[in-house]
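These notes concern the structure reproduced below.
Protein chains: 2
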Amino acid sequence: MTQPQIYNKEYLMAAGPTPLPPAVSQVMANPIPYHRAPAFMEIHERALGNLKKVFQTENEVLSFASSGTGALESAVGNLLFPGDVAAVASAGKFGERWADLCRSYCVDLTHLDLEWGDRIDGEAIDRMLGSMEQTPRAVFATLSETSTGVVHDVRGIAEAAQEHGTIAVIDAISGLAAADLPQDDWGVDVVISGSQKALMAPPGLAFASVSEKAMAIATEREGNRFYFDWGRTAKGQAQSPPSSPFTPAVTLWLALDVALQQILEEGLPQVFERHAILARAARAGVDGLGLERFGVQFEGSNVVTAAHLPESIDGAQVPKLMRDSYGVTAAGGQNDLKGKIVRIAHCGYFGAFDILISLTALENSLRDLGYEVEPGTAAAAAQRVFVEAGSPAPVG
Amino acid sequence: MTQPQIYNKEYLMAAGPTPLPPAVSQVMANPIPYHRAPAFMEIHERALGNLKKVFQTENEVLSFASSGTGALESAVGNLLFPGDVAAVASAGKFGERWADLCRSYCVDLTHLDLEWGDRIDGEAIDRMLGSMEQTPRAVFATLSETSTGVVHDVRGIAEAAQEHGTIAVIDAISGLAAADLPQDDWGVDVVISGSQKALMAPPGLAFASVSEKAMAIATEREGNRFYFDWGRTAKGQAQSPPSSPFTPAVTLWLALDVALQQILEEGLPQVFERHAILARAARAGVDGLGLERFGVQFEGSNVVTAAHLPESIDGAQVPKLMRDSYGVTAAGGQNDLKGKIVRIAHCGYFGAFDILISLTALENSLRDLGYEVEPGTAAAAAQRVFVEAGSPAPVG
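As you go down the protein sequences, you meet chains A and B in turn.
The first sequence runs 1294 to 1689 under our numbering.
The second sequence runs 1294 to 1689 under our numbering.
Spelled out as structure tokens, the structure:
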């Protein structure tokens, strides 16, 4: 008898695009709606209203058909003109995108460029702003730095910005609806996000929740923008029912609408707690494997867990083995961290068993590369967290 | 016995988003792929290769997650800086978008603003360029003007641009793969399109096919652009396999890939002929109803057929009745043409019976508003065209 083949199923365990709930996937196979027909306009209006709840804001959440970066660019392009003074604080690949964007717009940039894995807090922002000769028009930072797993101190960042008389603009693409960010309570003037992370929808929609103050700054000056112009989109969405200045990506709105309803039925506090439990389990699994966690993995880093890979093995092989031998698509390190870390995502539609799968695929791959660990260690460590949290499938 | 209710089915008969083939809709319900996994990269590479065939070009077709307008803006933002000289020729709502975009970028604009319904040809461009003191960096025009149904003379426009030492940039969002536009043969330097018209995919992907010459002009100067920067996207797509600088809208790529394969299996000449037959039938139906066709509806206007509504009726009610009483979503007139015209689309996944449905819903609505016409007139007129063309379902 030849060796039996156990089915090698495919698992998307990446930090974005994230897995979709079946109802979200399936609604996209429905007949395509016309964007100006009442049936679609009702869906669009409901989803826009639900976005406000998820952003925890009274702002209109401006929506674009684009990747998340498009909405990031909308903030830079609406707030800054060449020669304007701006500040960026970053500690990883996605934070650095703010600096790249600012440079593309030829602004006078002060860039607090921390080590990858550091956590940005209010003090760091306060020091940066205190050292600048001129108050910047805006400070740009990130909620969850996907390249390192660190969730930054957005509350402190926003407070420091306010104290120095400027506005905070936060990239919450990977963190919104995974890590708490009560925009209005914390006084964050601009929050950017995308559809493909904790919002449990496919990539292709991006959002900018813009305060009145930020909108006033943006509308002071026009030009050099059209598709991502906040005023144009705000004008469309202010109609009743809300409209869009350009053909919206209708299939993605169908998906987002279903996903947002699921999130709000579950309840935002429950959604954050679900992410917290999954993250605790992932951290326990990583610890159980004897790996050192990467970055400032404090208790709030609930979006993605990054772990150092043992120096004794060829780390670049880990994500490859996880995928090719065990069917699990997980993320390795980016840029200088390539081959040095692995990232376990738990952002969006992840269940407890998904964490067991990711951790076990990691354990298997480490063993295949000669790293010594008892089979089942990672799953057992995570499982203890889930049982302690009250259930192997704590929510839903 | 109460009056029996005949099922009122819903039919999307608009000029974009257009109906999707079932296989295109259904593939979006598949498990969502990771954009950096080999399975997706293969789909992405195949679709990018097939786009080149549909654009009839050797250029790399640069792709963006956005509405079509995003790719239009990419052309303006990559080619023009404030103060640059540019020329736009338009004869309808979508052509005017080029002028709006150029104004947003503060360029020195010459705008040939023809009557809605006119057709732009090489002579008109030649006269405009001859009258300008300085040669513009680019001339912007439209293939199919969806607001009027007119397909412009892109070949002549491109020739005139070349003779005057400038480049032609063509918005082919609604026309590509419906009206022939052999980009390389005609020497069109930039062709823009979107996923949601004759490409039979949902909205949310937009394309710019950029010649070497246009790319050289774009890369002369940097700044004021990031997401829509041609150089950045070209660099990503030049990798093997092609990559994307930002998370691609993966579900839309799955859909586009299926649609492009269907188009190329059918064959481009057959696709154009299919559109031509559907358009002839639509024109015959409109003529049969005794309506005057709007605009220069010459034989090549195969994307959408616009018809004047009788002055004796309240024209604004026509699209409303077609939708509410007969389930057919069709387009009325835009801006000044609101209530004055109706537009029958035949662009993308339309069959012969779809034209009969659109025309019959129009006929019913006209009768409901008191216009006198013998029942079945429109369908009969269209049906004679289909039979003459060899079949009631001429292709597929």
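Heads up, the beta-carbon is just placed ideally off N, CA and C, and yes, glycines get one too.
In the assembly as shown, Ala1609 of chain B is an exposed residue. Its beta-carbon has fewer than 16 other beta-carbons within 10 Å.
Each residue's CA atom was taken as its position, placing Val1678 of chain B and Arg1525 of chain A some 44 Å apart. By the Cβ rule, the region 1592–1602 of chain B counts as touching the region 1565–1574 of chain B, because three or more pairs are nearer than 8 Å. Judged by DSSP in its simplified three-state form, Phe1565 of chain B adopts helix.
The alpha-carbon separation between Asp1406 of chain A and Trp1523 of chain B amounts to approximately 27 Å.
For Pro1541 of chain B, the chain A residues whose Cβ falls inside 8 Å of its Cβ are Ser1360 and Pro1496, in order along the chain.
At a beta-carbon threshold of 7 Å, the residues of chain B lying near Met1321 of chain A are Met1321, Ala1322 and Thr1544, ordered along the chain. Flagged as an interface residue toward chain A: Ile1325 of chain B, by a C-beta distance shorter than 8 Å. Taking a 10 Å sphere around the C-beta of Pro1315 of chain B, we find fewer than 16 other C-beta atoms and assign the residue as exposed. For Asp1647 of chain B, the uninterrupted alpha helix (DSSP H) segment begins and ends at Ala1645 to Asp1661. Interface annotation for the region 1492–1524 of chain A against chain B: Pro1495, Pro1496, Gly1497, Gly1516, Asn1517, Arg1518, Phe1519 and Tyr1520, criterion Cβ-Cβ distance under 7 Å. Residues of the same chain with a CB within less than 7 Å of the CB of Val1317 of chain B, apart from the 5 flanking positions on each side, are Met1493, Ala1494, Ala1548, Val1551 and Ala1552 in chain order. In the same chain as Ile1637 of chain A, and ignoring 5 residues on each side of it, the C-beta atoms closer than 6 Å to its own belong to Ala1575, Thr1598 and Ser1651, in chain order. Counting the other CB atoms within 10 Å of its CB gives Gln1532 of chain A a total below 16, which places it among the exposed residues. The DSSP assignment places complete alpha helix (DSSP H) segments of no fewer than 4 residues inside the region 1475–1505 of chain B at 1476–1479, in order along the chain. Residue state for Arg1586 of chain B is assigned as strand, using DSSP reduced to three classes. The DSSP assignment places complete beta strand (DSSP E) segments of no fewer than 3 residues inside the region 1364–1397 of chain A at 1378–1383, in order along the chain. When secondary structure is reduced to three states using DSSP, Glu1338 of chain A falls in the helix class.
Residue B:Ile1485 holds the alpha-carbon nearest to the alpha-carbon of Phe1521 of chain B among B:Val1378, B:Ile1485 and B:Asp1647. Taken through DSSP and simplified to helix, strand or coil, Phe1519 of chain B comes out as coil. Nearest CB-CB separation between Pro1312 of chain A and chain B: below the 8 Å threshold. Linking Gln1530 of chain B to Asn1371 of chain A through their CA atoms gives a straight-line distance of about 28 Å.
Close to chain B, meaning a Cβ-Cβ distance shorter than 9 Å, are the following residues of the region 1620–1653 of chain A: Thr1622 and Ala1624. Against Ala1307 of chain A, the close residues of chain B are Tyr1327, His1328, Arg1329 and Ala1330, in the order they occur along the chain (beta-carbon pairs closer than 9 Å). Listed as beta-bridge partners of Val1444 of chain B by DSSP are B:Ser1437. DSSP, read as helix, strand or coil, puts Phe1539 of chain B in coil. Taking the C-beta atoms as reference points, Gly1410 of chain B is found nearer than 8 Å to Val1443 of chain B. For the region 1382–1405 of chain A, residues whose beta-carbon sits nearer than 8 Å to a beta-carbon of chain B comprise Asp1393, Leu1394, Ser1397, Tyr1398 and Cys1399. With respect to the 8 Å criterion, Leu1355 of chain A and Ala1527 of chain A are classified as neighbours on the basis of their beta carbons. Nearest C-alpha to Thr1435 of chain A among A:Ile1510, A:Ala1465 and A:Leu1582: A:Ala1465. In terms of Cα proximity to Ile1299 of chain A, the closest of A:Met1321, A:Ser1618, A:Cys1395 and A:Glu1389 is A:Ser1618. Collapsing the DSSP output to three states places Ile1463 of chain A in a strand. Not flagged as an interface residue toward chain A: Ser1536 of chain B, since no C-beta distance is shorter than 8 Å. When the alpha-carbon of Lys1302 of chain B is set against those of B:Val1447, B:Asn1352, B:Asn1343 and B:Asp1647, the nearest one is in B:Asp1647. Judged by DSSP secondary structure, Ile1413 of chain B falls outside any beta strand (DSSP E); it is assigned neither H nor E. For Gly1376 of chain B, the closest Cβ of chain A is not nearer than 8 Å.
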